[in-house]
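Residue numbers (the working numbering): 550 to 709. Glycine residues also receive a C-beta, built at the ideal position from the N, C-alpha and C atoms. Reviewing the structure listed below.
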Amino acid sequence: MRRVEVFPSEGSNSLVRWYRIRNPLRVALNFLVIYTCRFLPSLALKRVLLRLIGMKVGRNVSIGLGATFDIFFPELIEIGDNSVIGYNAAILAHEFLVKEWRRGRVRLGKNVMLGARSLVLPGVEIGDNATVAAYSLVNRDIPPGAFAAGVPARVRGGEK
550 MRRVEVFPSE GSNSLVRWYR IRNPLRVALN FLVIYTCRFL PSLALKRVLL RLIGMKVGRN
610 VSIGLGATFD IFFPELIEIG DNSVIGYNAA ILAHEFLVKE WRRGRVRLGK NVMLGARSLV
670 LPGVEIGDNA TVAAYSLVNR DIPPGAFAAG VPARVRGGEK
């Protein structure tokens, strides 16, 4: 189940008026921090910088090279202790659509493995000890201890 707030767009697609949704200076700061973190080799420095823009990043979280987080609402993203975010994975807390835009909190539990190039959409929870395979699209909740894979991601088995 995705938990998202839905907001109608005003006359045109919702991305056209993005500056009404979030202060452009805040978005620019978030962008600079998130894109700097994509290429930083230090996992500890990534965690510190992402916390500064409001993300909830647990202890010993490892964020792979190129991982990207939502630049509009990073404060809606929570990553539990000891989780691994794979190479070029992306976690979004908003979606701009033609007739509306959506915003939702994203929570990854403790000891989660999010595979390379995976995409997590707004309003999703991934339970503790879950594994998401590389290249998966997570558009619904993944229960604790599950192994999920595919586009869209489906539970394929229990804890590995």
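- Query: What do you reckon, are the CB atoms on V655 and I612 nearer than 8 Å?
  - Reply: Here the question's residue 655 lines up with position 106 in the sequence shown. Here the question's residue 612 lines up with position 63 in the sequence shown. It is not a contact, given that the beta carbons lie outside the stated cut-off.
- Would you kindly report the start and end of the unbroken alpha helix (DSSP H) that includes I626? Working through the sequence shown from its first residue, we reach residue 626 at position 77. Counting along the chain, I626 falls outside any alpha helix (DSSP H), though it belongs to the beta strand (DSSP E) covering I626 to I628.
- Query: Around the C-beta of K709, are 16 or more other C-beta atoms found within 10 angstroms, so that it is buried, or is it exposed?
  - Reply: Translated into the one-based positions of the sequence shown, residue 709 becomes position 160. Any reading at K709 must be qualified, since the residue scores a pLDDT of 49, below 50, and its modelled position is unreliable; no value is offered.
- So P623 packs on I583, CB below 8 Å; how close in whole Å? Numbered from its first residue, the sequence shown carries residue 623 at position 74. Numbered from its first residue, the sequence shown carries residue 583 at position 34. Yes, P623 and I583 are in contact; Cβ-Cβ is about 7 Å, under 8 Å.
- Message: Below 8 Å, how does it come out for the stretch 572-592 and the stretch 686-701: are there three or more Cβ pairs, yes or no?
- Response: Between the stretch 572-592 and the stretch 686-701, the count of C-beta pairs closer than 8 Å stays below three; the two stretches do not touch.
- Boundaries (first-last residue) of the alpha helix (DSSP H) holding V582: Counting from 1 along the sequence shown, the entry for residue 582 is found at position 33. P573 to C586 is the extent of the alpha helix (DSSP H) around V582.
- Message: Tell me the DSSP secondary structure of K595 in three-state form.
- Response: For the purposes of this step, residue 595 is taken as the residue at position 46 of the sequence shown. If DSSP states are grouped into helix, strand and coil, K595 belongs with the helices.
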